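Okay, structure first, notes after.
In UniProt numbering, the protein residues as written are 1 to 119.
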């Protein structure tokens with residue numbers, strides 16, 4: 001009995017932690033994977049600057065030396081084409097860093113963004 005319990009525990013742990021990306025017949029869909037990437041794994045966290053749906057979002061407000069208020073915004077990304085998103089992620093843009101993502105990861109983020117409903 002202890003041997004069977006240990007085996008089941010090992011199987012459960014392998015199932016819980018073993019899948020780092022969706023595979024054909026895997027446990028999560030490409031949309032779920034895209035959402036996970038968009039929201040934080042590996043410190044990508046698109047949501048911090050682009051919000052929950054990839055919309056324009058204020059990153060910070062500041063005052064210049066001449067006492068003028070400025071607002072720095074992240075642009076909306078939900079409407080980008082796949083190539084535009086891929087280019088921004090691979091090369092970086094303005095202050096956005098470049099990310100070392102696989103083609104499948106970029107596709108997953110793209111499909112997730114396309115699935116969000118814009119208000």
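Think of the CB as a built atom: it goes at the ideal place given N, C-alpha and C, for glycine as much as any other residue. Please read these numbers as outputs of a predicted model, since none were measured by experiment.
Item, Value
"Cβ-Cβ distance between residue 101 and residue 85 below 8 Å", "no"
"Validate contact between the region 70 to 85 and the region 37 to 56 using beta carbons, cut 8 Å, 3 pairs", "yes"
"DSSP state of residue 48 mapped onto helix, strand, coil", "helix"
"Contact under 8 Å by Cβ, residue 34 with residue 111", "yes"
"Spatial neighbours of residue 21 in its chain, beta-carbon cut-off 7 Å, leaving aside the 5 residues before and after", "Note that residue 21 has pLDDT 47, beneath the 50 cutoff, so the model's placement of it is unreliable and the number below is only indicative. The residues are 33, 104."
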